[in-house]
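Going by my numbering, the letters in the first sequence line up with residues 2 to 433, in that order.
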Amino acid sequence: MPLDTPRGMDDLLPEEVALKRKIEEVIREVFELYGYLEIETPTVEYYELFAAKSGEEIRERMFDFRDKAGRRLVLRPEVTASIARVVSTKLKAWPQPIRLGYIADCYRYDEPQWGRRRRFWQGGFELFGSRSPLADAEILQVSYDVFSRLGLEKQFFKIGHIGILRNILEEAGVGEEDQNRILSLLDRKLIDEASEFMSDIGLNSDAVAALMKLIRLEGRDKERIFREARDILSPWSKAGEKLENLIEIVETAVEAGVNAPMIISPGLARGLEYYDGFIFEQGVEGVQVSLNGGGRYDRLVELFGGKPTPGVGCAIGITRIMHYMLDKLSVKPRPREPETLLVGVPRVSNRYIAKVAGRLRKLGIPVEVEVTGKRVPSAIEYALKKGMKFVIIVGEKEEEKGEISVKNLERRTQIEVLLSDEKRILEAFERI
RNA sequence: GCCGCGGUGAGGUAGCGGUUAGCCUUCCGGCCUGUGGAGCCGGAUGCCUGGGUUCGAAUCCCAGCCGCGGCCCCA
């Protein structure tokens with residue numbers, strides 16, 4: 002029997018779970034702060050749901066299998082497609098806008114390495130029903146808030162608009178499939194192959210030149226980038242409109258308090274094919290991979306048979322953030338454990354021990370009961386080792402009088418209190 | 001999917017053709033019949049898997065598996 006976990010899938014030990022919970026907690030706080038309602042969708046979905054619009058790269062990297070009836074299923078590689086499906090079916094009568102959030106495990110058949118696991122968690126925000134730049138900017142805001150609340154001080158954004166490149170290609174008469182091909186090559190920095198392909202399909206040289214200039218245009222100086230981009234795009238009116246849209250989104254986000262460096266990248270492309278507007282990634286200095294990514298997808302709900310519904314959202318890489326905090330920030334998460342150990346001496350009754358434990362827990366005091374037969378000295382040693390604060394000792398004396406002896410390990414004091422005296426018990430455990 | 005490096009008790013490591021496989025931490029028991037992290041004594045768990053070379057393999061070779069780093073891509 003193999004005792005390893007499957008490749009790229011991790012057992013999460015108490016410390017890691019504690020940190021993961023903390024990240025999830027922050028994400029849920031932000032859900033509430035902005036009005037995102039959390040939903041859950043199945044880990045397993047039909048192959049077609051993702052094959053439709055996720056893009057070549059992801060399609061090849063799905064865990065793909067058949068169930069006993071021969072249906073083709075996958076472990077979800079991401080969640081946006083599932084959310085869009087829900088919006089296009091069960092929520093089609095909901096008043097818009099619809100704000101949905103999720104926290105879910107995802108699976109990709111990648112080669113595992115730092116920050117890349119075959120099983121990982123994403124926390125997402127999806128906003129449906131608005132084409133306003135205010136909606137795009139909101140996604141940047143929630144991203145900024147989550148990172149800020151987690152103390153990720155070195156965060157930055159990389160922001161672009163897929164419509165800029167697409168509209169140039171469109172205006173030059175390139176069909177959607179060829180567009181995907183070109184964008185995917187550009188995204189992978191395969192510049193030579195991209196230009197070869199573009200000349201193969203007979204794309205005019207003005208368009209090629211504009212694309213090449215745009216993908217090199219990138220930087221933190223917003224004013225300069227926008228000015229140069231406007232210049233490049235002056236002959237391309239539709240692409241120019243997308244640029245103006247991007248500018249408005251960025252300026253709105255800045256006004257909303259998104260106070261992190263923004264690298265403006267008009268030529269940015271992304272792997273997911275459903276994006277058709279503003280796109281972004283969010284990362285931290287010193288880490289190559291991005292920790293959050295998202296953008297606008299105005300045609301996805303429609304693709305799933307819903308009425309035309311614009312959408313914009315992001316997917317935060319909980320697992321990546323977790324590894325970053327553990328490895329680079331040296332965060333030392335502590336699972337919450339009782340600070341009180343209850344130990345009985347050999348001749349006290351188990352019934353009394355159980356009664357004491359029950360009574361204290363009813364008062365809201367977490368208690369760990371000594372169950373391995375340790376005698377008092379060893380029990381105290383154990384409590385100290387675990388960093389506990391109190392040891393309760395009960396023996397025949399206490400049982401007769403209905404008392405407990407509470408030892409405060411920090412103050413090195415010990416008092417006896419009646420089990421029935423709620424006030425004194427709470428005092429003894431420093432609860433009032 | 002590709003390339004590089006690596007795998008010794010639970011964790012960290014030494015050994016790198018012949019060792020009883022050593023050390024530190026941890027864990028368990030005793031000293032200790034109801035009171036302090038100590039100390040001392042005792043104990044438990046290991047050479048990733050499978051082939052090959054050799055009189056002899058943790059050690060050398062091959063393959064696989066797993067881990068780490070890089071490419072690619074992504075969260």
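Each residue gets a CB set at the ideal place from its N, CA and C atoms; glycine is no exception.
Computed from a predicted model, the values in this text were never measured in an experiment.
Beta-carbon contacts of residue i that lie in its chain and below 8 angstroms, excluding the five residues immediately before and after
i, result
"LEU410", "ILE381, ALA384, LEU385, MET389, LYS390, PHE391 and VAL392"
"GLY365", "ARG432"
"ALA316", "GLU79, VAL80, THR81, GLN123, GLY124, GLY125, ASN293, GLY294 and GLY295"
"PRO347", "ARG376"
"PHE227", "LEU244, ILE248 and ILE265"
Contact set for residue i: own chain, Cβ-Cβ below 6 angstroms, skip 5 residues either direction
i, result
"GLY241", "LEU234"
"GLU286", "LYS155"
"MET63", "VAL75 and PRO78"
"PHE148", "GLN156"
"ALA208", "ILE169 and ALA173"
"GLU249", "PRO134"
Bridge partners - residue i, DSSP secondary structure assignment
i, result
"MET263", "PHE158"
"LEU215", "DSSP output for LEU215 lists no bridge partner at all."
"VAL313", "LEU128 and ARG297"
"GLU108", "In the sequence on display, residue 108 carries Tyr and not Glu. Looking at the DSSP assignment, TYR108 forms a beta bridge with ARG120."
"GLU369", "LEU342"
"ASP65", "VAL75"
"LEU38", "LEU101"
"ASN409", "PHE391 and THR414"
"PHE281", "ILE160 and GLY295"
"GLN114", "ARG117"
"LEU419", "GLU404"
"GLU46", "VAL75"
Minimum C-alpha distance to residue i - residue among the options
i, options, result
"LEU292", "ASP65, ARG8, GLY124 and LYS23", "GLY124"
"LEU269", "TRP122, GLU404, GLY220 and PRO336", "GLY220"
"TYR103", "ALA85, ARG413 and ASN351", "ALA85"
"ASP68", "TYR48, GLU61 and GLY176", "TYR48"
"ASP188", "GLN289, ILE216 and VAL175", "ILE216"
"THR81", "VAL357, ASN246 and ALA105", "ALA105"
"PRO15", "GLU397, ARG337, PRO311 and VAL290", "ARG337"
"SER185", "ILE59, GLU303, ARG72 and GLY71", "ILE59"
"VAL370", "SER379, GLU25, ILE354 and LYS363", "ILE354"
"ASP11", "GLY314, LYS93 and ARG117", "ARG117"
"GLU404", "VAL418, GLU397 and ARG412", "VAL418"
"GLU46", "ILE28, GLN415, GLU39 and ARG72", "ARG72"
"ILE165", "ALA52, ALA261 and ASN246", "ASN246"
"GLU399", "VAL357, ALA429 and GLU428", "VAL357"
"GLY176", "MET199, ALA94 and ARG29", "MET199"
"ILE280", "ARG297, GLU30 and GLU428", "ARG297"
"LYS363", "SER421, VAL332 and SER331", "SER421"
Pairwise C-alpha distance: residue j and residue i
i, j, result
"TYR35", "VAL143", "8 angstroms"
"VAL349", "GLU340", "22 angstroms"
"SER133", "LEU50", "27 angstroms"
"PRO367", "ASP5", "34 angstroms"
"LYS402", "ILE433", "24 angstroms"
"ILE160", "ILE319", "20 angstroms"
"SER89", "LYS308", "7 angstroms"
"ARG360", "PHE158", "53 angstroms"
"ALA19", "ASP299", "37 angstroms"
"GLU229", "PRO267", "10 angstroms"
"LEU212", "VAL290", "25 angstroms"
"ASP193", "GLN180", "16 angstroms"
"GLU178", "GLU303", "18 angstroms"
"ARG100", "VAL407", "51 angstroms"
"PHE32", "GLU423", "39 angstroms"
"PRO334", "ARG182", "44 angstroms"
"LEU218", "GLU197", "21 angstroms"
"GLU224", "GLU41", "41 angstroms"
"ILE140", "LYS93", "22 angstroms"
"ARG119", "SER238", "43 angstroms"
"VAL344", "ARG321", "42 angstroms"
"TYR325", "LEU13", "15 angstroms"
"LYS91", "ALA70", "26 angstroms"
"LEU427", "ARG352", "22 angstroms"
"GLN283", "ASP328", "19 angstroms"
Supposed contact pair residue j and residue i - C-beta distance, whole angstroms, cut 8 angstroms
i, j, result
"PRO96", "GLY9", "Wrong, their Cβ atoms sit about 42 angstroms apart, outside the cutoff."
"ALA257", "ALA138", "6 angstroms"
"GLY278", "ILE163", "7 angstroms"
"VAL259", "TYR145", "4 angstroms"
"VAL251", "ILE265", "7 angstroms"
"VAL27", "ARG150", "5 angstroms"
"MET323", "GLU61", "26 angstroms between Cβ atoms; not a contact."
"THR310", "PHE129", "5 angstroms"
Own chain partners of residue i with C-beta closer than 7 angstroms, once the 5 adjacent residues on each side are dropped
i, result
"ARG22", "none"
"THR253", "PRO134, LEU135 and ALA138"
"LYS214", "ILE233"
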